[in-house]
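K.L.:
Here you go, one structure.
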Amino acid sequence: MAVFTHITQEQAAEHLAAFDIGAVTALEPISAGVENTNYKLATSAGNYILTLVEKRTRAEDLPFIVAFMAHLQKRDIPCPAVIADKTGRAIVPLAGRPAVITDFLAGAAAKELTPAHAGAAGALLAKMHNAAADFKPRRENPVALPAWKKLIGDCAAAPVFAELQEELAFLANNRPWGLPAGAVHADLFPDNAFFQEEKISGVFDFYFSCTDAFAYDFMATLDAWCFDNGVFAPARARAFAAAYQALRPLSGEEKKSLPYFGRAAALRIVATRLYDQLHPAHGAHIAPHDPYEHVRILQFHQTEKFSC
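Quick note: the sequence shown, position 270, residue 284 per the working numbering, numbers continuous.
Here it is as structure tokens:
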């Protein structure tokens, strides 16, 4: 989460006139994250998250995101509920941006990850992949290979530019196809999940959700939960993989694909973070992330063959 588009409490109050969730009592910007503008919105009826959708999410993709969250909710995945206005609209413009209001989830992100946290993430991911089996809408991955090429192409000043160009060529020529696929979260980082004790109480930030291989989402999540500043944490990885496979066993072909998707998932994060580091948004209130953490994860997958 982050703040790119600044709004006032008066603007929020005017926006909320279309909803039935009480009057605004407070509006607090949330600086964590890097993609969309987010505010904690307090009203006389309770607490909510107000999201203004920014650069990498197209307005036409929002119905997929909203529908996927609702689909998961019905299958007992702890997603935030999207709040519709009095006419039933879930996506209502604000300050020139598509805007979405969701429930404020209980819990907090884990401060120090343990194997138990990683296992909880693996189980949650498997439940989401199983639940996606009968979800019919589709959305092309907005940050797949064509986007990586463009983002990295604009980062020629980076010292790792040549290395990343070589990796792009490898990924373009070696993608495994025909694997189980469906709607995936595609951005399940530890700061996108809340815990109460060691149980996940909420999962959110579905704005990168799309249709892709489950093995890609598996490795994207493993990269996020099972490394510390780019250093592999094997105990967490074992817990993550075991919990996932207890609910959704990976096929033989999926297991063979994991080294590739570990590299692909790492490069996707390098591409977006490196671009944002070299091309910062003017006036944004944001806590940037280090792209070189995932360069180290990429280098790990280039030399090690993760298996489970």
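Using N, Cα and C, we set each Cβ at its ideal position, and we do this for glycine too.
1) For the beta strand (DSSP E) that Val114 lies in, which residues bound it at each end?
2) Work out the CA separation of Gly121 and Leu159 for me, nearest whole Å.
3) Mapping the DSSP letters down to three states, classify Ser223 as helix, strand or coil.
4) Roughly how many whole angstroms lie between the Cα atoms of Ile105 and Phe222?
5) At the level of alpha carbons, what is the spacing between Arg5 and Arg252?
6) Check whether the segment 79–90 touches the segment 257–274, counting contact only when three or more Cβ pairs, one atom from each stretch, lie closer than 8 Å.
7) I'd like to know if the segment 240–249 and the segment 206–225 are in contact, where contact means that at least 3 CB-CB pairs between them fall below 8 Å.
8) Answer yes or no: do His315 and Pro273 have a C-beta to C-beta separation smaller than 8 Å?
9) Let's test the definition: count the other Cβ atoms within 10 Å of the Cβ of Thr116 and tell me whether it reaches 16, buried, or not, exposed.
10) Over what stretch of residues does the alpha helix (DSSP H) that includes Gly266 continue unbroken?
11) Ignoring anything shorter than 3 residues, give me the beta strand (DSSP E) runs that lie fully in the segment 26–64, in order along the chain.
12) Should Trp162 go down as buried or exposed, given a rule of 16 or more other Cβ atoms within 10 Å for buried?
13) Helix, strand or coil for Gly216 per DSSP?
14) Give the straight-line distance between the Cα atoms of Thr57 and Val96, rounded to the nearest whole angstrom.
15) Which residue's Cα is closest to the Cα of Pro112: Leu66, Ala146, Asp99?
16) I'd like to confirm the pairing. Which residues does DSSP put opposite Asp242 in its beta bridges?
17) Quick check on the burial criterion: 16 or more other C-beta atoms within 10 angstroms. Buried or exposed for Asn50?
18) Should the segment 66–85 be regarded as contacting the segment 32–40, the criterion being three or more beta carbon pairs within less than 8 Å?
19) Are there 16 or more other CB atoms within 10 angstroms of the CB of His143, so buried, or fewer, so exposed?
20) In the structure shown, what three-state DSSP assignment does Leu127 receive?
21) For Phe314, which residues does DSSP report across the bridge?
22) Which first and last residues belong to the alpha helix (DSSP H) in which Ala161 is found?
23) Which residue wins for smallest C-alpha separation from Ala285, given the options Leu236, Trp239, Ala234, Leu178?
24) Quick one: is Lys164 buried, meaning 16 or more other Cβ sit within 10 Å of its Cβ, or exposed?
25) Hey, out of Leu64, Val174, Ala280, whose CA is closest to Glu42's CA?
26) Return the chain-ordered list of same chain residues with a C-beta closer than 6 Å to the C-beta of Glu180, the five sequence neighbours on each side being excluded.
27) Using the three-state DSSP reduction, which class does Val9 fall into: helix, strand or coil?
28) Are the beta-carbon atoms belonging to Pro204 and Leu108 less than 8 Å from one another?
29) Please return the same chain residues whose Cβ sits closer than 7 Å to the Cβ of Asp226, not counting the five positions on each side in sequence.
30) Give the C-beta separation of Ala134 and Ile214 to the nearest angstrom, bearing in mind that I take them to be a contact with Cβ-Cβ under 8 Å.
31) Any idea what DSSP makes of Cys322, helix, strand or coil?
32) Under 8 Å between the Cβ atoms of Ile79 and Phe218?
P.N.:
Reading from the atomic positions:
1) Run containing Val114: 113–117, per the beta strand (DSSP E) assignment.
2) Within the model, the alpha-carbon separation for Leu159 versus Gly121 is close to 35 Å.
3) For Ser223, the secondary structure class from DSSP, reduced to helix, strand or coil, is coil.
4) Between the alpha carbons of Ile105 and Phe222 lies a distance of about 16 Å.
5) Absent from the model: residue 5. The displayed extent of the chain is 15 to 322, so no value can be given.
6) A contact between stretches requires three or more CB pairs, one per stretch, nearer than 8 Å, and the segment 79–90 fails this requirement with the segment 257–274.
7) Using a Cβ-Cβ distance cut-off of 8 Å, the segment 240–249 and the segment 206–225 are not in contact, since fewer than three pairs of beta carbons, one from each stretch, lie closer than that value.
8) Yes.
9) Thr116 should be labelled buried.
10) 266–292 is the span of the alpha helix (DSSP H), which, as asked, contains Gly266.
11) The qualifying runs are 38–43, 51–57.
12) A residue is called buried once 16 or more other Cβ atoms fall within 10 Å of its Cβ, and Trp162 is buried on that count.
13) Strand at Gly216.
14) Straight-line measurement puts the Cα of Val96 at about 16 Å from the Cα of Thr57.
15) With distances taken between Cα atoms, Pro112 lies closest to Leu66.
16) The partner list for Asp242 (beta bridge, DSSP) reads Val245.
17) Burial call: buried.
18) Contact between the segment 66–85 and the segment 32–40 is absent, because fewer than three Cβ pairs lie under 8 Å.
19) Around the C-beta of His143, 16 or more other C-beta atoms lie within 10 Å, and the residue is accordingly described as buried.
20) Under the three-state reduction of DSSP output, Leu127 falls in the coil class, being neither helix nor strand.
21) Phe314 is bridged by DSSP to nothing; it lacks a bridge partner.
22) 159–167 is the span of the alpha helix (DSSP H), which, as asked, contains Ala161.
23) If we check each option's Cα against that of Ala285, Leu178 comes out closest.
24) Looking at its Cβ environment, which holds fewer than 16 other Cβ atoms inside 10 Å, Lys164 is exposed.
25) Considering only Leu64, Val174, Ala280, the residue with the shortest C-alpha distance to Glu42 is Leu64.
26) There are no such residues.
27) This structure leaves residue 9 out entirely; the chain is present only between 15 and 322.
28) No, these two residues do not count as a Cβ contact at 8 Å.
29) So the list reads Asn155, Ala195, Val198, Ala200, once near-sequence residues are dropped.
30) Confirmed, Cβ separation roughly 5 Å.
31) If DSSP states are grouped into helix, strand and coil, Cys322 belongs with coil.
32) Contact: no.
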